[in-house]
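Chains as they are written, first to last, in the working numbering: chain A, 77 to 436; chain B, 77 to 436; chain C, 77 to 436; chain D, 77 to 436. Quick reminder that beta carbons are idealized off the backbone N, C-alpha and C, glycines included. Since this is a predicted model, take the numbers as computed values, not measurements.
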């Protein structure tokens, strides 16, 4: 093996640079493998200036930095590229071209760091014959092939800090504070940050909620003389009986959706309980900044493990965390079904036991 | 002097508890003065259960905590209390009642910790004969009688951290990130956090902005190969030629105003420059949480100085910071005119010199 | 089950209060069980004023706080209590008295939160017939019955932050900076913080080191123009061929040992390489402060799980983390052998692959 | 004015990079002046490879970073350079050579960022005719010509965080925790961090202390049922009647002095009061890491102001903070006498009023 490529796709996640650094240092130091950096996700494989030599000096000092020195693009599915021909939008399959480009670049392996969407594309490319190794990346922790992924701990940290900050204001001003957090389909961030921050109500997409149930909790607290409450709501949470609605593409909360679920909950609870309620949408603050040590440690191990897999020609595999140890799993298996908060698992049991209202 | 009262009014600000603690410890330890805590701002002086003995053990451990153990209310002007009589709203002057209550409680002095609004009420009460000592509190730093007040440094810290976090995502995703910050009339938070975080554009209420000017800056950066930009916008910033609009009462940004200036700027810049632009509204996160050491230090000195002033019967004075030292100033003078960012001061000169676009 | 007791033993660890809070809230809310708080570890079971009713209002607001509201004592093994009789120190077995006291207090279960030492005592008490449930607590992560325990993530976070801080000074001043971290027998903190902070050399007790090997690494870096280096050293690290020496009882680093291994390494490397080298001993800063969200989340789940186990009369069990999920294991099995960094595991493989010198 | 040089001297301080960045951006953007970077303090002016072109792209991204991209050296007084000639150490005056080098490099101004020592050298160079502009930098805040300097706020923040962390452990374990902080001659860090962290005893060089006085405070607290105490001690604090002793050159605490004042206080108090006492030496952690927003803001304004002064040929001046505004003062005046904590100022008055023991 002489050369491997690496690209990062999808939304931002703290730890991407730690993966890149570990890949480059491990490839160069242990195996004498050169690394090609690919810019802006799969886009870098279909445009002329999309690659560059990723030498060890280019990754110096990036370990504690958020973002990705490779750039990332939310678009760029090579199986469905939008082009405009004669003023008409056409969807073109450029996967053959990508495959050929991988060969022309002399890449003996391609490490793809990305979330569910990016990894599904990677699986298709692998099935076409590309030498893919996957590295899972998701703020939401919604990939089932691994216990956890990097970026999630940093997101939950920021969310917990936000709850800590809202707490004192809520208490001093006798208010209900709603914090809208990421999580369109999976409520892990809201659940863990909510429990860690001491929220009174936690709303997640897995459990459609009812306003009367929330209102009852607020009133119970008021009767105990607790004149404030904290509600942590995943952006994908929705009232039972209604349809979950959010915009296509990037998650709703990131788009600073006007009238998101947080604002709706604040308004409705204010109306039902006759209290002041305010909403804060945490948005992008969950995605950026220096990764926590947990995420740096995990991302670094993922990068190193990905190079080892590549060197063993174990293509079509994804690195993962199992029993606290970094291992690997087939991409197909890892993506077979998405990960969701288990309704009868110990996390939910714990939250209910603490007296937290889950909206049902 | 046997007894002093203390109340906190207006919006939340980190450092309120540090003031309260310093007042109680100094009063008890140095002068043997008892302290009466008044609940929820001036409201505590017009309702039956509004006061309690504030003994030293009640202030233990509160120094690093945000919020106020006294509670605060945004309403509660005793000169204009809204009451409903026969289904009709009436504005009643309860200031005589408040003054009598202060006497009945045996308060030889009343320390009022609050912002512009609360301090103006305090000045009126002082002019009626109440033994008032003022302590300035404003997140926005808009009180001219003092170089700075507590709460501001914590707010700027959070705002700067937010810019740091947005930076890496902006860079990785080639985006314009707009951060909407507090500051309805004064742009200090946006200016200082913007400079400290390395923002490319800073919009403040003191300088009405033009979209073409911002767009020019974004494009200049793109031409230099800098495919991302950070815009720090005070909530009260507005386009030249338009009217500054925000809702009454609490500041717009805190109400998570749908379609605030941040969202408007993001949308317009996206349209003008053909780039992806996103907005984050920091809101309440600027008001809560543990105060920085700067704010703890200043708030503690303010509390101690207020007791010294009270003991000297120097009523109608406000503690303040002058030349880095805690002194005092008459409330009337301190409130004579509001503080704004000086358009020709060294702060603005510095920002322009760094190449930051101020929108004009 | 009517009543359970809880005590915390051994050194401080962020997350203890989160366990206590979860125990009290879960016991009261789900099962209607009363909780008795026991002061200062097992000491509270042998002295008159050692217990108090732990009602839900006593655990309000303690979730984000370090330390333990129950107090902890490093001494207090009821099987070997030191007493002075006629000026002579005698070791007395008070375990019968403790067992009787547990019965007299009406405790149907006793939840013990502690490290290796405290849990071994608990196992003995269980074997005598006491209804013990164990909750593992160790900063060092050296308990083998669980993937990880609370407190560790906070300690590694502080250690990683310290490396980040030392980095810039090392670089600006062309120095070798040595950071001495906790870990007498297990090097997990040094290994994870070292990798997460980008250390160049990591010394752990599991791998006796050689000075020439470290010096070689420093010189290699100098030849590449890297005029600074960071060394993360566990307090229990020692040179190959020598005996590992540290003082009895509390860990050496905590005692701010004069001439600890950090200082020794700094001096020796300075001599061997002709560079300036400085040492920082992190000590107690690793044990205190607000727990990270990871530790709050884990500690809360442990507390809740411990109450469930107690309610099921599953005594002699310890809660633990397995595959990312909270489960339980017998105390005897959990303590059978201590946990150490695996010399051929993927963590060490990763560190070596990154080019980090492990001293061998 | 065509070209200015910049160097950073003395110990590390967060904010140096912010000054450098502001100098380069302001010089290039406003005045079209080129900047020459000088490596490792004055050393860069006496060695061949000591300078390089400091273009705007070289200062990108350095604002939030600690350290200095120019490097710094603690030695390097051009008026007294140590050289070894024929095995004998000789002190050589190289100031003429430095002055000539400044001319040869075509530097129309030289901005020197440094502490007391570096600025005194600069004053001498100015008096010889060199076009010097000074920027004060001191962690200890001991330069009297300015209200405050950058680096200090970051140091106090870290020190306050450390006290917060020690607090919970002290309380849980019923201990006296001693934190040794920087401050050889001036006690500002210990005083402000001590007050901000809620220390019970604060020891500073300006007030020689007595052990019985400290012991009395510890015992008073014990009698009130407060079984723990926090002591913040500046490294230069010393017992009344003894000589203040510390090693030459870099401050004692930084050298991780074995047996520093912190350890001595812990030992003596343990002996006098019969309590467990532990010491933590914060050392270098106060000097490194990302600057606080306060320090970024001040350092940026200093850098911009220094370029303005240079452009006006106002040599021999030092930028400073006066009344919260950046101004300037003559170097000679600024250095006339060192700054110390005022024994009768409001800071000390406040600390005493809070019941803090200052050791006297």
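Between residue 249 of chain C and the set D:260, D:420, D:79, D:88, the nearest pair of CA atoms involves D:88. Taking residue 374 of chain C as the centre and dropping the five residues before and after it, the same chain places the C-beta of 226 closer than 6 Å to its C-beta, in chain order. Going by C-alpha positions, residue 222 of chain B is about 26 Å away from residue 106 of chain B. Here residue 257 of chain D is buried: its Cβ has 16 or more other Cβ atoms, across all protein chains shown, within 10 Å. Interface annotation for the segment 123-149 of chain B against chain A: 141, 142, 143, 144, 147, 148, criterion Cβ-Cβ distance under 7 Å. With fewer than 16 other Cβ atoms inside 10 Å of its own Cβ, residue 159 of chain B counts as exposed.
With respect to the C-alpha of residue 346 of chain A, the residue from A:399, A:295, A:402 having the closest C-alpha is A:295. Annotation: residue 371 of chain C to residue 264 of chain D spans about 35 Å, alpha carbon to alpha carbon.
In terms of beta-carbon proximity, residue 172 of chain A stays away from the interface with chain B, with every pair separated by 9 Å or more. Contact between the segment 122-137 of chain D and the segment 94-112 of chain D is present, with at least three C-beta pairs closer than 8 Å. Spanning the alpha carbons of residue 275 of chain D and residue 304 of chain D requires a straight line of approximately 11 Å. Under the Cβ criterion of 9 Å, residue 81 of chain A is not counted among the residues facing chain B. Around the beta carbon of residue 177 of chain B, 16 or more other beta carbons sit within 10 angstroms, so the residue counts as buried. Going by beta carbons, residue 339 of chain C and residue 355 of chain C fall inside the 9 Å limit. According to DSSP, residue pairing for residue 401 of chain B in a beta bridge involves B:398. With a cutoff of 9 Å on beta-carbon distance, residue 266 of chain D and residue 298 of chain D are scored as not near each other. Within the same chain, and ignoring the five residues on either side of residue 405 of chain D in sequence, the residues whose Cβ sits closer than 6 Å to its Cβ are 221, 394, 396. Fully enclosed beta strand (DSSP E) runs of no fewer than 3 residues occupy 79-84, 110-114, 127-129 of the segment 77-135 of chain C, in order along the chain. Residue D:212 holds the alpha-carbon nearest to the alpha-carbon of residue 403 of chain D among D:430, D:315, D:212, D:429. Straight-line spacing of the CA atoms in residue 172 of chain C and residue 409 of chain A works out to 55 Å. Between residue 148 of chain A and residue 91 of chain A a beta carbon distance of about 13 Å is seen, past the 8 Å cut, so the two are scored as non-contacting.
By the 16-neighbour rule on beta-carbons within 10 angstroms, residue 169 of chain C is exposed. In the structure shown, residue 253 of chain D adopts extended strand secondary structure according to DSSP, grouped into three states. Taking a C-beta cut-off of 7 Å against chain B, the contacting residues of the segment 344-363 of chain A are 354, 355, 356, 357, 359, 360, 361, 363, listed in chain order. Every unbroken stretch of the beta strand (DSSP E) spanning 3 or more residues and falling wholly within the segment 354-435 of chain B is given here in chain order: 393-398, 401-406. Residue 197 of chain A carries a helical assignment under DSSP once its states are collapsed to helix, strand and coil. Under a 10 Å Cβ-count criterion, residue 125 of chain B is classified as exposed, with fewer than 16 other Cβ atoms of the shown protein chains found around its own Cβ. A distance of 9 Å or more separates the beta carbons of residue 341 of chain B and residue 429 of chain D. If you ignore the 5 residues before and after residue 353 of chain D, its C-beta comes within less than 6 Å of the C-beta of 252, 342, 345, 346, all in its own chain and listed in chain order.
With a 10 Å radius around the Cβ and a threshold of 16 neighbouring Cβ atoms, residue 419 of chain D comes out exposed. Within 7 Å of the CB of residue 400 of chain D, the CB atoms of chain B belong to 223, 224, in sequence order along the chain.
Considered as a whole, the segment 153-213 of chain A harbours 157-161, 164-168, 185-190, 208-212 as its complete beta strand (DSSP E) runs of no fewer than 3 residues, in chain order. At a C-beta separation below 8 Å, residue 253 of chain A has these neighbours in chain B: 360. Closest by C-alpha distance to residue 143 of chain D, out of D:366, D:292, D:377, is D:366. Its chain contains 77, 107 as the residues whose beta carbon lies nearer than 6 Å to that of residue 387 of chain B, once the 5 sequence neighbours on both sides are disregarded; these appear in chain order. Around the beta carbon of residue 243 of chain D, a 10 Å sphere encloses 16 or more other beta carbons of the protein chains shown; the residue is thus reported as buried.
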